[in-house]
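Each residue of the first sequence is one higher than the last, beginning at 838 in my numbering. One structure below.
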Amino acid sequence: MAYWLMKSEPDVYSIDDLERDRTDIWDGVRNYQARNFLTSVTVGDKAFFYHSNTKSPGIVGLMEIVEINVVDPTQFDSASKYYDPKSSREEPRWYTVTVGYLETFEVSMSLEKLRETFSPDDLWVVRRGNRLSVMPVANAIAEKLLYMARAV
DNA sequence: GCCAACGTTGGC
DNA sequence: GCCAACGTTGGC
838 MAYWLMKSEP DVYSIDDLER DRTDIWDGVR NYQARNFLTS VTVGDKAFFY
888 HSNTKSPGIV GLMEIVEINV VDPTQFDSAS KYYDPKSSRE EPRWYTVTVG
938 YLETFEVSMS LEKLRETFSP DDLWVVRRGN RLSVMPVANA IAEKLLYMAR
988 AV
């Protein structure tokens, strides 16, 4: 089983929204590197939920992958900001996954704390200028993150 | 709101 | 194929 980190702006979709919905399509990824990582995700993998572009960015919870090879429906929706006129239903460009809610950490791990604890090579989200919205997390790093999240 | 980082687009 | 211009991300 592999671990991932996936970003979302809480004003758009937060961990609380996922807790309410239980599962949701992770739509709106329009970056090829992130999409390529998404194609490596398998059912049963777990992903850290990261709140970005907010007052206190950081890892706030954990989710699991419940479905893969999901065609992102927003690419066909001309009213969506994620609409891609170059994509077609015959040959969709953007595939994603469905995630399921697992837990919200009692203490979220701020970006500041992540920077103190991990090197940019170990945890990509602390890299300067990093803009990837989906990235892998090595198992050893993931276990340390989970330990930190639960050591209240 | 500012601005650094960086991916994408388009002219040549 | 290069690279300047532009747009977006995301921390602060």
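Virtual Cβ for every residue (Gly too), placed ideally from N, Cα, C.
For asparagine 906, the enclosing beta strand (DSSP E) has its first and last residue at 895-908.
Residue environment for threonine 911: buried (at least 16 other C-beta atoms within 10 angstroms of its C-beta). Phenylalanine 874: not part of any beta strand (DSSP E); member of the alpha helix (DSSP H) spanning 869-877, first to last residue. Across the set Tyr869, Phe942, Pro973, Ser945, the C-alpha of Pro973 shows the shortest separation from the C-alpha of proline 957.
Your pair methionine 900 and phenylalanine 886 checks out as a contact, with CB atoms roughly 6 Å apart and the cut at 8 Å.
When the five nearest sequence neighbours on each side are left out, the beta carbons in the same chain lying within less than 7 Å of the beta carbon of asparagine 967 are those of Trp961, in order along the chain. It is roughly 30 Å from the alpha-carbon of serine 851 to the alpha-carbon of glutamate 928. With respect to the 9 Å criterion, alanine 871 and valine 971 are classified as neighbours on the basis of their beta carbons. In its chain, beyond the 5 residues on either side, Phe913 have a beta carbon closer than 7 Å to the beta carbon of arginine 926.
Secondary structure at tryptophan 863: coil, using DSSP grouped into helix, strand and coil.
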